Amino acid sequence: MTAYGLIRLTDGEHGPGAAWSAGHLFFLTAVLCFVPVVLGLRRTAAAERGPGGRGLAAAGAVTALLGAATVVAQAVIDLVAGFLSEDREAMREIFRRVKSHAGVEPAVYTVGPLLFYVGLLLLLTQLAALRRTAAWRPLAVVAGIVATGLSLDLLPLAGLLFLLAFGPLGRQVEEADRRRLTATAAPGR
Numbered sequence: 041m042t043a044y045g046l047i048r049l050t051d052g053e054h055g056p057g058a059a060w061s062a063g064h065l066f067f068l069t070a071v072l073c074f075v076p077v078v079l080g081l082r083r084t085a086a087a088e089r090g091p092g093g094r095g096l097a098a099a100g101a102v103t104a105l106l107g108a109a110t111v112v113a114q115a116v117i118d119l120v121a122g123f124l125s126e127d128r129e130a131m132r133e134i135f136r137r138v139k140s141h142a143g144v145e146p147a148v149y150t151v152g153p154l155l156f157y158v159g160l161l162l163l164l165t166q167l168a169a170l171r172r173t174a175a176w177r178p179l180a181v182v183a184g185i186v187a188t189g190l191s192l193d194l195l196p197l198a199g200l201l202f203l204l205a206f207g208p209l210g211r212q213v214e215e216a217d218r219r220r221l222t223a224t225a226a227p228g229r
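So this note's numbering is basically just the index in the sequence shown, starting at one, shifted up by 40.
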């Protein structure tokens with residue numbers, strides 16, 4: 041996300057070209073990298089919990105993954121529009137045509153992408169409430185979300201805040217998975 045934001049800042053046109061394509065490819069990659077993160081957070085949030093806790097973890101994961109799918113759709117639309125257009129005006133026309141289809145604007149550009157952030161926050165908040173991660177991590181994600189809402193020029197900052205919140209969690213998720221596998225492989229210990 042940080043790379044996309046930095047490329048976006050250097051692209052004065054915000055239109056078709058190498059910067060547009062590279063930035064959106066970085067963004068697409070960043071969102072796809074969240075899929076294993078979301079699944080790992082779900083496993084950690086659901087571990088050793090009853091049906092309600094597991095259901096809440098699953099709801100967070102499904103919400104985040106649905107949102108991620110809409111963000112991927114948005115990035116693909118942006119990439120295709122960039123490849124098919126010669127200038128910013130031609131891109132605007134493609135976007136206008138895409139958004140003219142019923143439900144596309146809320147699903148792909150407004151409500152749908154918010155689900156990604158809602159799901160991430162739900163999972164992180166569960167982990168913080170269970171004391172499986174630090175309470176400041178959901179706050180860092182909220183700060184990143186607010187930054188992107190204020191201005192897309194703050195995407196590099198938002199990316200760094202997300203990295204701060206999620207980066208160290210990889211080790212925690214791996215350790216939790218390893219403990220669960222060990223307990224499953226050696227029951228009765």
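Note that CB positions come from ideal geometry on N, CA and C, so glycine has one too. On a predicted model such as this, the values are computed, not experimentally measured, just so you know.
Could you tell me if Arg82 is buried or exposed, where buried requires 16 or more neighbouring beta carbons within 10 angstroms of its beta carbon? Sequence index remark: in the sequence shown, residue 82 carries index 42 (1-based). It counts as buried.
Sort Leu201, Phe123, Leu106, Asp193 by Cα distance to Gly52 and report the nearest one. Translated into positions along the sequence shown, residue 52 becomes position 12. The shortest Cα separation from Gly52 among Leu201, Phe123, Leu106, Asp193 belongs to Asp193.
So, helix, strand or coil for Thr150, using DSSP? As a position in the sequence shown, residue 150 is number 110, starting the count at 1. Collapsing the DSSP output to three states places Thr150 in a helix.
Measuring alpha carbon to alpha carbon, tell me which of Asp118, Leu179, Arg132 ends up nearest Phe66. The residue you call residue 66 lines up with position 26 of the sequence shown. Put simply, of Asp118, Leu179, Arg132 the residue whose alpha carbon is nearest the alpha carbon of Phe66 is Asp118.
Roughly how many angstroms lie between the CA atoms of Leu79 and Ala101, to the nearest whole one? To locate residue 79, count along the sequence shown from 1; it is residue 39. To locate residue 101, count along the sequence shown from 1; it is residue 61. When rounded, the distance between both Cα atoms is 7 Å.
So for Glu53, helix, strand or coil by DSSP? To locate residue 53, count along the sequence shown from 1; it is residue 13. Glu53 carries a coil assignment under DSSP once its states are collapsed to helix, strand and coil.
Residue from Glu133, Phe202, Pro196, Glu215 whose Cα sits closest to the Cα of Thr50: As a first step, residue 50 is located in the sequence shown; it is residue number 10 there, counting from the start. That would be Pro196, whose Cα lies nearest to the Cα of Thr50.
Once the 5 residues before and after Arg128 are set aside, which same chain residues still bring their CB inside 8 Å of it? Counting from one through the sequence shown, the residue named residue 128 turns up at place 88. Taken in chain order, the residues that qualify are Glu53, His54, Gly55, Pro56.
Using a Cβ-Cβ cut-off of 8 Å (strictly less than) and excluding sequence neighbours within five positions of Val144, which residues of its own chain qualify? Walking along the sequence shown from the start, residue 144 turns up at place 104. Excluding five sequence positions before and after Val144, the CB atoms of its chain that fall closer than 8 Å to its own CB belong to Val138, given in chain order.
Inter-residue spacing [alpha-carbon to alpha-carbon] between Met41 and Ala70: Along the sequence shown, one-based indexing puts residue 41 at 1. Along the sequence shown, one-based indexing puts residue 70 at 30. About 6 Å.
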